[in-house]
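All residue numbers for the sequence shown refer to my numbering, where the first residue is 1062 and numbers rise by one.
Even glycine gets a Cβ: it sits at the ideal position worked out from N, Cα and C.
Please read these numbers as outputs of a predicted model, since none were measured by experiment.
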Amino acid sequence: ERGSASPYLRNALPTLLGSLVLPQTQSASPTRLRALVPGCGSGHDARLLAEAGLDVLAIDYAPGAIELARPVLGPYADCLKQADFFDFAGAIDQHDQTGFALQFERALLCALPRREWPRWATRSAELVRSAGVLVGLFYIDDNLRGPPFGIDIRLLHALLAPHFVLEQSMALQAHESPA
């Protein structure tokens, strides 16, 4: 991470927010769209989403990442949780709505060993509610060494195709890397 939110997420956010649908609730209190940022790192992307009005849950397995993210998130630091992406409670909100409207993937998949990628795809599908979106900046590379572990674009599509519909894809040049 470069010390700021992804410019690609920043640029896509107005369109994303316009396309997401609020869940129907019986509650009189206002409902905000829920966003998950797994492997949140220093928290810049989570803060951007929180500032846009989303109800963010930013998780990271590493205690050090949580401590780095806390000051970055400032007034939104209560959205931080040290947790294992594969085993955390938090997919149900205070209105008993299941899942997240948006999951932003930037750093988790490339940090995971390849044998965990099918679990990641399945877990992402469990966490993103119907009509929700998975937004990602994926490290496309066929080098077998890592971390970060790059993924071949065909493999990424094969992992996600059973769970998600590809709506947009754009290749970035190396000098534009979001890492």
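Out of the options, point me to the one whose CA is closest to residue i's CA.
i        : options                                   : result
Ala-1182 : Cys-1101, Leu-1220, Leu-1078 and Leu-1227 : Leu-1220
Ser-1103 : Leu-1216, Val-1196, Arg-1093 and Pro-1124 : Pro-1124
Arg-1180 : His-1224, Phe-1165 and Ile-1214           : His-1224
Met-1231 : Gly-1197, Leu-1110 and Ser-1185           : Gly-1197
Cys-1101 : Pro-1075, Gly-1079 and Glu-1128           : Glu-1128
Ala-1267 : Glu-1112, Lys-1142 and Ala-1113           : With the chain running from 1062 to 1240 in the structure shown, residue 1267 is simply not present.
Leu-1195 : Ile-1201, Glu-1187 and Ile-1214           : Glu-1187
Which residues does DSSP list as the beta-bridge partners of residue i?
i        : result
Asp-1116 : Arg-1095
Glu-1166 : Gly-1197
Gln-1143 : Asp-1121
Asp-1148 : Asp-1145
Thr-1076 : Looking at the DSSP assignment, Thr-1076 forms no beta bridge with any residue, so it has no partner.
Inspect the beta-carbon positions of residue i and residue j and report whether they are closer than 8 angstroms.
i        : j        : result
Gly-1160 : Gly-1211 : no
Leu-1163 : Leu-1109 : no
Leu-1217 : Phe-1199 : yes
Ala-1107 : Ala-1144 : no
Phe-1146 : Arg-1184 : yes
Leu-1070 : Phe-1149 : no
Next on the checklist: If contact is defined by three or more beta carbon pairs under 8 angstroms, each pair taking one atom from either stretch, is the stretch 1114–1127 in contact with the stretch 1093–1103?
Outcome noted: The stretch 1114–1127 and the stretch 1093–1103 touch, with three or more beta-carbon pairs separated by less than 8 angstroms.
Checklist entry - Just checking, does the stretch 1166–1177 make contact with the stretch 1110–1117 on the three C-beta pairs under 8 angstroms criterion? => result No, because fewer than three Cβ pairs between the stretch 1166–1177 and the stretch 1110–1117 fall closer than 8 angstroms, the two stretches do not touch.
Checklist entry - Taking contact to mean at least 3 C-beta pairs separated by less than 8 angstroms, is the stretch 1063–1072 in contact with the stretch 1136–1143? => result Contact between the stretch 1063–1072 and the stretch 1136–1143 is absent: fewer than three C-beta pairs spanning the two stretches fall below 8 angstroms.
Checklist entry - What are the start and end residues of each continuous beta strand (DSSP E) run of 3 or more residues lying completely inside the stretch 1177–1233, in chain order? => result Considered as a whole, the stretch 1177–1233 harbours 1189–1197 as its complete beta strand (DSSP E) runs of no fewer than 3 residues, in chain order.
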